[in-house]
Structures are given as C-alpha cells and as structure tokens.
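Have a look at the structure below before the remarks.
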Amino acid sequence: MKTDCYIEGDRQLGFERAASAYDEYAILQRQIAEEMLERIQTVTIKPAHVIDVGCGTGFCTRSLHKTWPAAQITGFDLAAGMLQQAGGKKGWFSRQSYCQADAVSLPLNDASIDVVFSNLMLQWCDPVAVFAEFRRVLNNDGLLMFSSFGPDTLKELRQSWTTVDDRPHVIDFADMHDHGDALLQAGFREPVMDVDRFTLTYSDVLSLLRDLHGIGSRNVMLGRRSGLMGRDALQNLAQAYQQFANNEGRLPASYEVVYGHAWSGGRSTVNKMEIPIDFARWVE
C-alpha cells in the first residue's frame, strides 16, 4: 500500500496542463462519476454542506447541486486551471463555490461538513492521510463516498514496460482491502467496498499515451524518472504491447475501479451496495 503522496508540484502541473481539454479526454472518468452519482441517490439525508474533493472541471459538483439544491456545494482541487474551468460552467445563482486546496489540508473547520464526495482522486495521495482529513471535517453523522483506481489499472502497460527496462512506469494503486483498512484506521464506521472493471481499447500505444496525457495523468502514472520517451523505447513498448491485442487488433487498457462509502458515526441511512468483485463491464 502506498504511504507517500506524489510531490504536490508534479501532480499539480500535470493537471494544470490538462485543464482546458480535460473533458474531451475524460470519458471513463465521466462514466465512473455517473455511477457514483447514481449511487448517492440512495442516500436519504438532506445535507447542508457538501464538498467534492478533486472536483476537476466540476461535473460532479454541478450534479451534486442538482441532487441537493438547498445545500452549499464546494468543489476543491489542487489545480487552479481545473477550478477556472469549473467556475465558468456554474450558474449565476448556484449555491456552488470552488477553492484551491490539497485533500490532506482542507481549509475547513472540524465537523463542519455533512457529505464528502470524491471521484478518482485518492490514487494520487496517501489514503490514510486523506481519510483522516475527511474524518476531521465530517460531522458525527457524515457520509464519505469515493472512488479510486485499483491495482489492476493499466496492467497491460505495466507488464509491457518490463520488457523495455527495469524501472517502474506505472504507479502501484491501493486495493479494495487497503482502502477498507485505511477507513477503519481513520475512524470511519460501516465501510462498504466493491470493485468494477472496465476495458478501453486503442488502435496503438501512442493513442493510449495521448489519452493519459489528456487527462493529466501521464507523468504521474508513468513516474517522474521516465522523462521523455525515446523512439526506440516507444517502439519496444509498442511491440511488447501487441501480445495483448484482441481479435480486431486493438490494444486493451484495463481499469479497476474501487468504490467505497462509510460513515463518520451514527446510524447508516443508505442502502448497502455490494457488487461481486468479479463483475466486469467492457467498454469498447
């Protein structure tokens, strides 16, 4: 399990560069967000204060406002460019606001939030530290709902790189059990976890790398030491990746998504959502 966060400046720079075109590339991220938003419809509470941590361009923040129009919804993100995109899409009279902050140091009072929502942000940080911060800001009956990438994410890319050199190029993602343990360590109750699997396909490796770059994840996923990829390295990577090609010659990129929700205390008012871990959804 990761115990260190990626250097803030590196994370921030990648997402700053991707902000203007993020929505064009974030197709899978949008699909996972929609699943998260559908799940939150089962919640029967009426929160006054909701935060969306790692809000990106604000898709979930705006959707949460539609779910709870009377609540104050605040989106937090490390990248100012993402927040500029988000701020330009909110309505004039919307009860939404945006703030630049790191997930491990939110500018909020203790026990001031009713719901913490976070879609595909945790994989960039130490979940123990982030969950502790979420627990701090949540009130005694607060709800946390999140998603994160699991260890099988980009497994084909990770394996293909091993034939090129011996350096790590894809980060190690925490699994469902790690997240569950981290929730309990942070003081959350009734954690419920499940896993979903997606596969995107590409015509070539370069298209996959462009997609990763387009969502701001390329440098973080491939590691700082990889630097600029030389022509020989790219050719060797492409050749190694061919072992995973499907019958149509397209290259798969697997994504494992961990979903979770937990309560800071008190009695649960959400139907528990348990999905078999071997459930798979294929996205072509």
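Counting from 1, position 59 in the sequence shown corresponds to residue 164 in this note's numbering; the numbering is continuous, with no gaps.
From the three backbone atoms N, C-alpha and C, an ideal C-beta is built for every residue, glycine too.
- In terms of Cα proximity to Trp368, the closest of Leu249, Ile218, Pro256 is Leu249.
- The alpha-carbon of His170 is positioned some 8 angstroms away from that of Gln177.
- CA-CA distance, Asp277 to Pro256, rounds to 6 angstroms.
- By the 16-neighbour rule on beta-carbons within 10 angstroms, Ala291 is buried.
- The three-state reading of DSSP puts Gln228 in helix, counting H, G and I together.
- Between Gln201 and Thr166 a beta carbon distance of about 6 angstroms is seen, short of the 8 angstroms cut, so the two are scored as contacting.
- Beta-carbon to beta-carbon, Ala338 and Val269 are separated by about 6 angstroms, close enough to satisfy the 8 angstroms threshold.
- Distance from Gly163 to Gly186 at the Cβ level is roughly 12 angstroms; contact not present, criterion being Cβ atoms closer than 8 angstroms.
- Nearest to Asp182 by alpha-carbon distance, out of Leu305, Phe254, Val310, Ser223, is Ser223.
- For Gln146, the secondary structure class from DSSP, reduced to helix, strand or coil, is coil.
- Put simply, the region 357-364 touches the region 295-305. At least three CB pairs are less than 8 angstroms apart.
- Taken through DSSP and simplified to helix, strand or coil, Phe164 comes out as helix.
- Here Val300 carries a strand assignment [DSSP, helix/strand/coil].
- In the DSSP assignment, His318 falls outside any beta strand (DSSP E) and lies within the alpha helix (DSSP H) extending over 310-319.
- Rounded to the nearest whole angstrom, the CA to CA distance from Ala208 to Val158 is 7 angstroms.
- Under the DSSP assignment, Asp337 falls in the alpha helix (DSSP H) whose first and last residues are 336-346.
- Between Leu225 and Phe254 the beta-carbon gap is near 7 angstroms, inside 8 angstroms, which marks them as a contact.
- Contact check for Leu356 against Thr306 passes: the beta carbons are separated by less than 8 angstroms.
- Take Asp215, set aside five residues on each side of it, and the residues of its chain with a beta-carbon closer than 6 angstroms to its own are Arg241, in chain order.
- The Cβ neighbour count for Leu311, taken over all protein chains shown within 10 Å, is under 16; the residue is labelled exposed.
- In the DSSP assignment, Glu361 falls within the beta strand (DSSP E) that extends over 356-368.
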